[in-house]
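Heads up, the thing below is written out as structure tokens.
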Amino acid sequence: MNPAMNSALNSGLNSTAGMAPVAIPYFFYGLAALAVVSGFLVITRRNVVHSALALIVTLLSVAGLYLMLYAPFVAGVQIIVYAGGIMVLFLFVIMLVNIERSFKERRFNSMWPVALSAAGALFTLFVFAFAKGRALFPDRMMSLPESSNTQQIATMLYGDGGRIGPYTFAFEIASLLLLVAILGAVIMTKKKI
Amino acid sequence: MPNMIAIWMPNFIMSYLGSTVTPGEAGSQFWALIYVLIIFAGVSVAVMSMNWLERKALAHFQIRLGPMRVGPHGLLQPIADALKLMLKEDIIPTEADQFVFWIAPLIGLLAAFTVYTVIPFGPSQAVSDMNIGILFMLGVSSLGVLGVVVAGWASNSHYPLIGALRSSAQMVSYEVAMGLAVVSAILMTSLNEKGTGTLSMIGIVRAQEQQGIWFIFKFFPLGLIAFIIFAIAMIAETNRAPFDMAEAESELTAGYHTEYSGLRWSLFMLAEYAAMIAVSSIAVTLWLGGWMRPFVRLLHGPSWDFIFSLFPGLTFLGLAAIAFVGVLRMPAHSFFKIQKIGLAAFGGLLGFIALMLLVIAIAGRSEDASIGSRLNESIGYIYWFLLKVAVFMYLFIWYRATWPRYRFDQLMRVGWKVLLPISLAVLIVTAIVGVLVA
Chain A
1 MNPAMNSALN SGLNSTAGMA PVAIPYFFYG LAALAVVSGF LVITRRNVVH
51 SALALIVTLL SVAGLYLMLY APFVAGVQII VYAGGIMVLF LFVIMLVNIE
101 RSFKERRFNS MWPVALSAAG ALFTLFVFAF AKGRALFPDR MMSLPESSNT
151 QQIATMLYGD GGRIGPYTFA FEIASLLLLV AILGAVIMTK KKI
Chain B
194 MPNMIAIWMP NFIMSYLGST VTPGEAGSQF WALIYVLIIF AGVSVAVMSM
244 NWLERKALAH FQIRLGPMRV GPHGLLQPIA DALKLMLKED IIPTEADQFV
294 FWIAPLIGLL AAFTVYTVIP FGPSQAVSDM NIGILFMLGV SSLGVLGVVV
344 AGWASNSHYP LIGALRSSAQ MVSYEVAMGL AVVSAILMTS LNEKGTGTLS
394 MIGIVRAQEQ QGIWFIFKFF PLGLIAFIIF AIAMIAETNR APFDMAEAES
444 ELTAGYHTEY SGLRWSLFML AEYAAMIAVS SIAVTLWLGG WMRPFVRLLH
494 GPSWDFIFSL FPGLTFLGLA AIAFVGVLRM PAHSFFKIQK IGLAAFGGLL
544 GFIALMLLVI AIAGRSEDAS IGSRLNESIG YIYWFLLKVA VFMYLFIWYR
594 ATWPRYRFDQ LMRVGWKVLL PISLAVLIVT AIVGVLVA
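Now the structure itself:
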């Protein structure tokens, strides 16, 4: 009997011990590399549709990273809102751009020095935050109950059993902000209210 | 070595039949892979038979015969079509964006097939039960529009671009009403002692089991209205008639896949039909009780369970009878000899399956946890789920034969000014009624 079969036999369906996630480091390195490479493609491609597609890959790999952090709800929302909603609207607009003409046009907004220094400053900030504020980061991976993740988010946002949750107020303020944005969009497109 | 496998294999399969959780939950990659393969094969076969059924049913709606030449009653037509498409020349236009043109059908196909991981064919008959099941399904199936949009753009041609624009506008608009209808069904899952709902596909069906009612009948007519909104929006989401603006053949040749040919074109068709099955199973899971048999509360008890467990076998028996009637009605000419034998063999196969199912139903009628009764239960779950999905698939064909295509502005008006306000109102009223009941 080969080892693969043996392990399959051992992790029979009725065992509950098989809950441990599989091949965590490999998935992390794969997803992180994918996110970085496609993020690089977003800013280097001259064809905007290719940039948009690369951005979708970045967003999806970040959703995969959320899944690895035991945040399935955030991952699902990332896919539904960014990859499924916003990027479709992006593509909708970009598709109407005349690609041939935009290739010929001279680039007047070449800002490599500014962008590089900004990215360098951000990177230094991250390094400092990681070096100085080591105590803020958990030294082990947290094992959160994945099966009640969504319910816990709901408790935090809306409260539980009559009590207001810790983030209820902030959440409502954020929704008010979105409402204002929607009203603004309607007013801007309507000629006569 | 072969000896060991001979002992070990049956034990392994038996241990699986006795399980009460999905392979994903048990962490068994082996069984998850088996499930994925079964689902992939099943969906492909379902798409092929749907293709045949659609052509036949549309033909009969229009008083034609439809495919009749390849095999008895054109039964082998899908196989001939698939062969033809595979052998056809695969053309990529010179002016097209090669890479994007190449990847577009794959995006659609991946999105359509990925959602099958969470579809619950039964309480343990799913690849995995995610905590965010319905969110995952809506999210991944919304990625399918990317394939359409990108295909239309990459073709670098007028009709495909217009088709892609229409399609993206339509899908983004109808997704909103669809999502609100789904939320009102999810609200109903929270009507238990704890007061917490669930997004998991299996959890949603379990909630309907506990409350003893399909959500379509819950808070009548609220559940029904939400269901109808979803049923309309899902036709728009899958680009089917009467909302098939993206591929309106009388206006846009073939819409976003005008420039595609051969295998690539067939991938688009496969994705479209797979997506149709997927959204139908969302509707079945959320409102029609998923794997539950009809009248669980009204007609309960062991004898009713037994009568309902005979249905799968009787269905196949009926199909076999239809095949044999077809054999008898075949013209008595030597041209039809092979077709006659083939149809009789097909009928025999269906009859054999029917016999096996009936034997399992009768042998597994006891309530104990033996393998026979487990198998009987599983067959029941899968049968009722697939039957409900099949009704939806037939409805898709029926709509296409019945209703004329909407104009684009009408489509947008229906989406934003009719479906969206109604679904918002249903959501609010459902929340109020739910609080009052609890």
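Order-wise, the sequence lines are chains A and B.
Residues in the first sequence are numbered from 1 upward in steps of one, following our numbering.
Residues in the second sequence are numbered from 194 upward in steps of one, following our numbering.
In this text, a Cβ means the ideal position worked out from N, Cα and C, and glycines have one as well.
Same chain only: Cβ atoms within 6 Å of residue i, ignoring 5 sequence neighbours per side
i: L503/B; result: A554
i: L532/B; result: Strictly speaking, residue 532/B in this sequence is Gln, with Leu absent from that position. Only P265 meet the Cβ criterion.
i: A439/B; result: G356, R359, S360, N432, G448, Y449
i: F539/B; result: A516
i: I590/B; result: E247, A250
i: V57/A; result: S38
i: N324/B; result: S393
i: S175/A; result: none
Cβ-based neighbour list, residue i, same chain, cut-off 8 Å, excluding 5 preceding and 5 following
i: V376/B; result: L620
i: M485/B; result: V398, Q401, E402, W407, W577
i: A476/B; result: F420, F423, A424, M427, F585
i: G159/A; result: G165, T168
i: V633/B; result: The requested residue 633/B does not occur in the structure, where chain B is confined to residues 194 to 631.
i: M87/A; result: A52, L55, I56, L59
Environment of residue i [buried if 16+ CB atoms lie within 10 Å]
i: S110/A; result: exposed
i: M469/B; result: buried
i: R46/A; result: exposed
i: A170/A; result: exposed
i: V311/B; result: buried
i: K190/A; result: exposed
i: T478/B; result: buried
i: G30/A; result: exposed
i: G388/B; result: exposed
Residue i versus residue j - alpha carbon distance
i: V622/B; j: M394/B; result: 24 Å
i: Y309/B; j: F413/B; result: 30 Å
i: G217/B; j: L373/B; result: 29 Å
i: G161/A; j: V365/B; result: 36 Å
i: P316/B; j: P25/A; result: 32 Å
i: V36/A; j: Y66/A; result: 15 Å
i: V49/A; j: S454/B; result: 23 Å
i: G345/B; j: H493/B; result: 53 Å
i: T16/A; j: S237/B; result: Per-residue confidence for T16/A stands at a pLDDT of 38, beneath the threshold of 50, marking its modelled position as unreliable; the derived number appears in the next sentence. Whole-angstrom Cα-Cα distance: 33 Å.
First and last residue of the uninterrupted alpha helix (DSSP H) at residue i
i: T213/B; result: Segment: none, T213/B is in no alpha helix (DSSP H) and carries neither H nor E.
i: I534/B; result: 530-556
i: A525/B; result: Segment: none, A525/B is in no alpha helix (DSSP H) and carries neither H nor E.
i: S502/B; result: 495-502
i: R399/B; result: 394-404
i: F28/A; result: 24-44
i: I572/B; result: 564-595
i: D602/B; result: 601-606
i: W112/A; result: 112-132
i: Q291/B; result: 291-307
i: Y70/A; result: No alpha helix (DSSP H) contains Y70/A, which DSSP labels as neither H nor E.
i: E430/B; result: 415-430
i: Q363/B; result: 351-381
i: S443/B; result: 442-445
i: T623/B; result: 613-630
Three-state secondary structure (DSSP) of residue i
i: G283/B; result: Here residue 283/B is Asp; the residue named in the question, Gly, does not match the sequence. Looking at D283/B - three-state DSSP - the assignment turns out to be coil, as it is neither helix nor strand.
i: R163/A; result: strand
i: T451/B; result: coil
i: F461/B; result: helix
i: S242/B; result: helix
i: M469/B; result: helix
i: F90/A; result: helix
i: V311/B; result: coil
i: Q270/B; result: helix
i: K190/A; result: coil
i: Q151/A; result: helix
i: W346/B; result: helix
i: M438/B; result: helix
i: K387/B; result: coil
i: M485/B; result: coil
i: R248/B; result: helix
i: L336/B; result: helix
Cut-off 7 Å between Cβ atoms - residues of its own chain near residue i, not counting five sequence neighbours on either side
i: I355/B; result: L445
i: L456/B; result: L278, M279, D283
i: L548/B; result: none
i: I546/B; result: F509
i: G519/B; result: P265, H266, L536
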